[in-house]
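Just so you know, the sequences run in chain order A and B.
Here our numbering is used: the first residue of the first sequence is 1, the next is one more, and so on.
Here our numbering is used: the first residue of the second sequence is 223, the next is one more, and so on.
Glycine included, every Cβ here is placed at the ideal spot set by N, Cα and C.
Protein chains: 2
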Amino acid sequence: MLTSSVENYLKTIYYLQHETGWASTSAIADHMTVANPSVTMMLKRMAAMQPPLISYTPYEGARLTPAGEKQALDVIRVHRLMETFLVRVLGYTWDEVHADADRLEHASSPLLIERISALLGNPVRDPHGEDIPDRNGLLPNRSELSLTSLAAGQSGRISRVAADKPEILRYLGEIGLNLDVTVEVLDKAPFEGPLTIHSFESGSDHALGREVTNRIFIDAAH
Amino acid sequence: MLTSSVENYLKTIYYLQHETGWASTSAIADHMTVANPSVTMMLKRMAAMQPPLISYTPYEGARLTPAGEKQALDVIRVHRLMETFLVRVLGYTWDEVHADADRLEHASSPLLIERISALLGNPVRDPHGEDIPDRNGLLPNRSELSLTSLAAGQSGRISRVAADKPEILRYLGEIGLNLDVTVEVLDKAPFEGPLTIHSFESGSDHALGREVTNRIFIDAAH
DNA sequence: GTATAATATTAGTATATCCTAATTAAGGTT
DNA sequence: AACCTTAATTAGGATATACTAATATTATAC
Numbered sequence: 001m002l003t004s005s006v007e008n009y010l011k012t013i014y015y016l017q018h019e020t021g022w023a024s025t026s027a028i029a030d031h032m033t034v035a036n037p038s039v040t041m042m043l044k045r046m047a048a049m050q051p052p053l054i055s056y057t058p059y060e061g062a063r064l065t066p067a068g069e070k071q072a073l074d075v076i077r078v079h080r081l082m083e084t085f086l087v088r089v090l091g092y093t094w095d096e097v098h099a100d101a102d103r104l105e106h107a108s109s110p111l112l113i114e115r116i117s118a119l120l121g122n123p124v125r126d127p128h129g130e131d132i133p134d135r136n137g138l139l140p141n142r143s144e145l146s147l148t149s150l151a152a153g154q155s156g157r158i159s160r161v162a163a164d165k166p167e168i169l170r171y172l173g174e175i176g177l178n179l180d181v182t183v184e185v186l187d188k189a190p191f192e193g194p195l196t197i198h199s200f201e202s203g204s205d206h207a208l209g210r211e212v213t214n215r216i217f218i219d220a221a222h
Numbered sequence: 223m224l225t226s227s228v229e230n231y232l233k234t235i236y237y238l239q240h241e242t243g244w245a246s247t248s249a250i251a252d253h254m255t256v257a258n259p260s261v262t263m264m265l266k267r268m269a270a271m272q273p274p275l276i277s278y279t280p281y282e283g284a285r286l287t288p289a290g291e292k293q294a295l296d297v298i299r300v301h302r303l304m305e306t307f308l309v310r311v312l313g314y315t316w317d318e319v320h321a322d323a324d325r326l327e328h329a330s331s332p333l334l335i336e337r338i339s340a341l342l343g344n345p346v347r348d349p350h351g352e353d354i355p356d357r358n359g360l361l362p363n364r365s366e367l368s369l370t371s372l373a374a375g376q377s378g379r380i381s382r383v384a385a386d387k388p389e390i391l392r393y394l395g396e397i398g399l400n401l402d403v404t405v406e407v408l409d410k411a412p413f414e415g416p417l418t419i420h421s422f423e424s425g426s427d428h429a430l431g432r433e434v435t436n437r438i439f440i441d442a443a444h
């Protein structure tokens, strides 16, 4: 069995690889708030495991092997099922789930996970709209656009909110930017300026910077 | 925050202290399946913590301080609430809960625990009939007798089953010796021999050795 | 009351994970 | 092409937890 630490590295490498195509030592270190040498050490160990979880090229970075990707998707499945469980069964809000899911994901047996998945009706999305990999690590394909990419006047349904900080999630919830809410871009300031968004849930308008709108996604199948 | 390892030592010392009055190095080592020197090291560390969790006398053993007892009861509360949750919400059987609860108990935030307790209606007993300490570490008083202590012809309601091995629990469940079931001692063989027990749930009779009947408890308030 | 058995501790290592400080490699600039 | 900056690695340690083998202490038994 993998240690919690290795599982966390797997998750991080998976995210970085899918967001930027490549997981460098310092990107991993930043994301996990550990020092660079700790990452180098760990990457060597993960590349030396049987089977190797990553391929590692010194001075370049890491890439998940098929075995590593499968394990990463397992951890992500558990994390997202836990978040869904915390919201649907225990009444957490979407900004409260992350830290608790981060600890529970390393303490879950296969039986626990399958029971939770069944209890929730085998959900395919977590409370932030992220896809939940199935038992075999398969993810559905879906097409979405970032809210930033919409032009003024366009509208759509929020399908995913990839904000990492709980405070941002809490704020978005407060102003009516929740999952599955239809929104319209009223205005888009030039020079990478803020977007003014109307929520059809709350009926209110709010200006949001692009670091935020970049992380809000709209269902592309209008 | 305490490490999982320290939490496990606390639990073990608590149990030994309450069963035998004293936690010796080797009793702790046996119970946790670790080597004696590991225990000595840990006891020193726990006695040196601020505040100390135990008082430790070399060559004698350990005893929980008030602070240590409070922490131990916290862990036991989480463990027993988790077991109750696994049975009532996720459909585990009473023999399946232990290992999973043992891992979850170290990954639970105060919020999670309070939500689970509330979801279950703040239960006071776990699936084995063990008392669940309240938020402040308080346990109800109750009086019970071991099944072994009943004479032939006497009957009572099973209030607690303290079997440690899952296989024993599974077997007891199969033959109808479950919590809250009324049973009668039909026969009690001499020379520490087996007891023949009738279950009014299953309607069947079974001979059980005293290592087992010692760990089955009967409500003393008939 | 000394010899022995049982129990506990110390000594010395190992592993996993993290750190800081010092060094080395890669890539871009003039 | 030598230089400088940035990023990554190596060197050297720290902590928490475990182990085995060797030693010390306590308790028991004659």
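From the DSSP secondary-structure annotation, give me the bridge partner or partners of residue i.
i             : result
residue 242/B : Residue 242/B pairs with nothing; no bridge assigned.
residue 128/A : The partner list for residue 128/A (beta bridge, DSSP) is empty, contrary to what the question assumes.
residue 145/A : 218/A
residue 284/B : 245/B and 278/B
residue 429/B : 418/B
residue 409/B : 418/B
residue 182/A : 157/A
Which same chain residues end up closer than 7 Å to residue i when comparing Cβ atoms and leaving out the 5 residues on each side of it in sequence?
i             : result
residue 246/B : 283
residue 224/B : 293
residue 441/B : 366, 378, 379 and 381
residue 116/A : 81 and 85
residue 17/A  : 23, 63 and 64
residue 140/A : 124 and 131
residue 138/A : none
Using only the alpha-carbon positions, how far apart do residue i and residue j sit?
i             : j             : result
residue 159/A : residue 22/A  : 26 Å
residue 57/A  : residue 92/A  : 41 Å
residue 225/A : residue 226/B : Examination of residue 225/A is not possible in this model, given that chain A is present from 1 through 222 alone.
residue 47/A  : residue 170/A : 39 Å
residue 367/B : residue 105/A : 41 Å
residue 405/B : residue 350/B : 16 Å
residue 277/B : residue 235/B : 11 Å
residue 81/A  : residue 372/B : 48 Å
residue 75/A  : residue 205/A : 37 Å
residue 51/A  : residue 26/A  : 25 Å
residue 231/B : residue 37/A  : 33 Å
residue 414/B : residue 439/B : 18 Å
residue 185/A : residue 132/A : 29 Å
residue 329/B : residue 110/A : 16 Å
residue 112/A : residue 134/A : 15 Å
residue 340/B : residue 20/A  : 43 Å
residue 317/B : residue 221/A : 48 Å
residue 154/A : residue 181/A : 14 Å
residue 44/A  : residue 99/A  : 28 Å
Should residue i be flagged as near chain B, meaning a C-beta pair shorter than 8 Å?
i             : result
residue 176/A : no
residue 109/A : yes
residue 91/A  : yes
residue 103/A : yes
residue 106/A : yes
residue 116/A : yes
residue 119/A : yes
Please list, in chain order, all residues of the same chain as residue i whose beta carbon is under 6 Å from its beta carbon, the five residues on each side excluded.
i             : result
residue 399/B : 421
residue 385/B : 391 and 437
residue 207/A : 194 and 196
residue 175/A : 206
residue 83/A  : 97, 101, 126 and 127
residue 374/B : 407, 409 and 410
residue 300/B : 327, 330 and 335
residue 435/B : 369, 370 and 417
Quick one: does residue i have its CB under 8 Å from some CB of chain A?
i             : result
residue 335/B : no
residue 431/B : no
residue 322/B : yes
residue 224/B : no
residue 369/B : no
For residue i, which residues of its own chain have a beta-carbon under 8 Å away from its beta-carbon, when the five flanking residues on both sides are left out?
i             : result
residue 425/B : 398
residue 29/A  : 35, 36, 38 and 39
At a threshold of 7 Å, does residue i count as lining the ligand ADP (C-beta to nearest heavy atom)?
i             : result
residue 413/B : Among the components of this structure there are no ligands whatsoever, and the ligand ADP is therefore not found.
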